[in-house]
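Numbering (the numbering used here), first residue to last: 8 to 231.
Below: one structure, written as structure tokens.
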Ligand SMILES: Nc1ncnc2c1ncn2[C@@H]1O[C@@H]2COP(=O)(O)O[C@H]2[C@H]1O
């Protein structure tokens, strides 16, 4: 676990970036450090944890499942992102399940402290609003693609979202993403996604490189 003090940790979190020194100190007093192992559940859909979790290191996955246990991946969150604000704001149960994908260190802020911090720190309230708005934008795009796009378009869009320029400036996905995960992101079966990915590869839209990374050709954006 990080040797930094709570105050030093807080100073690195964008959500708290604009707090005054005394506001940051009072948040620092209120937070505690939590470590989650790979695969461990941080919050469970339908339950209440009354806590805001802020990711310091690691990565979590936000998933929702139906009664038959079929999962959809809503998002992957990384350092600086936070979890549980929805339940704190509307006092309902967690809207989704969040699970650590790798060992993940977080700061936890309880409901009472959150309720105390928010009115005192308009910058924090604004940052949360901005985060919610950005998420709504992403959700709007997702609804659009589910309603209007075929699986090709949805897979293309998901791959483009993950792609980043590599050292040579070409778009690539470095980490391996399984067909199963892509299927859970786009709402299609794994078999269908495998077929679409093979076809995209055959048609030269994507290319698997020797190091396991995936090269994304610009042309893919014509599908997504
Ligand atoms: N579509 C999404 N994108 C990113 N994060 C989400 C999304 N849906 C839910 N979350 C996060 O997952 C958390 C689940 O618990 P809450 O509903 O309290 O708060 C939720 C958000 O912090």
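Even glycine gets a Cβ: it sits at the ideal position worked out from N, Cα and C.
Segment limits, alpha helix (DSSP H) that includes residue i
i: residue 112; result: Element bounds for residue 112: not the alpha helix (DSSP H) but the beta strand (DSSP E), 111-117.
i: residue 165; result: 158-169
i: residue 56; result: Segment: none, residue 56 is in no alpha helix (DSSP H) and carries neither H nor E.
i: residue 72; result: First-last for residue 72: 67-72, but that is the beta strand (DSSP E), not the alpha helix (DSSP H).
i: residue 155; result: 129-155
i: residue 93; result: 92-97
i: residue 203; result: 197-209
Residue j beta carbon less than 8 Å from that of residue i
i: residue 137; j: residue 100; result: no
i: residue 23; j: residue 111; result: no
i: residue 200; j: residue 159; result: no
i: residue 15; j: residue 59; result: no
i: residue 80; j: residue 218; result: no
i: residue 38; j: residue 125; result: no
i: residue 186; j: residue 197; result: yes
i: residue 231; j: residue 144; result: no
i: residue 35; j: residue 61; result: no
i: residue 149; j: residue 78; result: no
i: residue 21; j: residue 134; result: yes
Beta-carbon contacts of residue i that lie in its chain and below 7 Å, excluding the five residues immediately before and after
i: residue 74; result: none
i: residue 107; result: 43, 44, 45, 46, 47, 49, 65, 67
i: residue 177; result: 222
i: residue 109; result: 45, 65, 66
i: residue 128; result: 26, 30
i: residue 96; result: none
i: residue 172; result: 178
i: residue 19; result: none
Own chain residues within Cβ distance below 6 Å of residue i, not counting five before or after
i: residue 169; result: 180
i: residue 57; result: 118
i: residue 215; result: 221
i: residue 120; result: 37
i: residue 41; result: 113, 115
i: residue 13; result: 35, 38
i: residue 183; result: 219
i: residue 195; result: 158
Same chain, Cβ closer than 8 Å to residue i, neighbours up to 5 away in sequence not counted
i: residue 104; result: 48, 50, 51, 52, 69, 70, 71, 72
i: residue 94; result: 50, 55, 56, 57, 100, 101, 102
i: residue 213; result: 166, 204, 207, 221, 222, 223, 224, 227
i: residue 211; result: 224, 226
i: residue 130; result: 24, 25, 26
Presumed contact (8 Å Cβ cut-off) between residue i and residue j, rounded CB distance
i: residue 223; j: residue 166; result: 6 Å
i: residue 114; j: residue 153; result: With a Cβ gap of about 34 Å, residue 114 and residue 153 do not count as contacting.
i: residue 140; j: residue 162; result: With 8 Å as the limit, residue 140 and residue 162 do not qualify as a contact, their Cβ atoms being about 27 Å apart.
Segment limits, beta strand (DSSP E) that includes residue i
i: residue 189; result: Counting along the chain, residue 189 falls outside any beta strand (DSSP E), though it belongs to the alpha helix (DSSP H) covering 186-193.
i: residue 42; result: 39-43
i: residue 106; result: 104-107
i: residue 221; result: 221-223
i: residue 79; result: 78-84
i: residue 178; result: 178-180
(request) May I ask you to verify whether the stretch 75-92 touches the stretch 23-37, counting CB pairs closer than 8 Å and requiring at least 3? (result) No, they do not touch.
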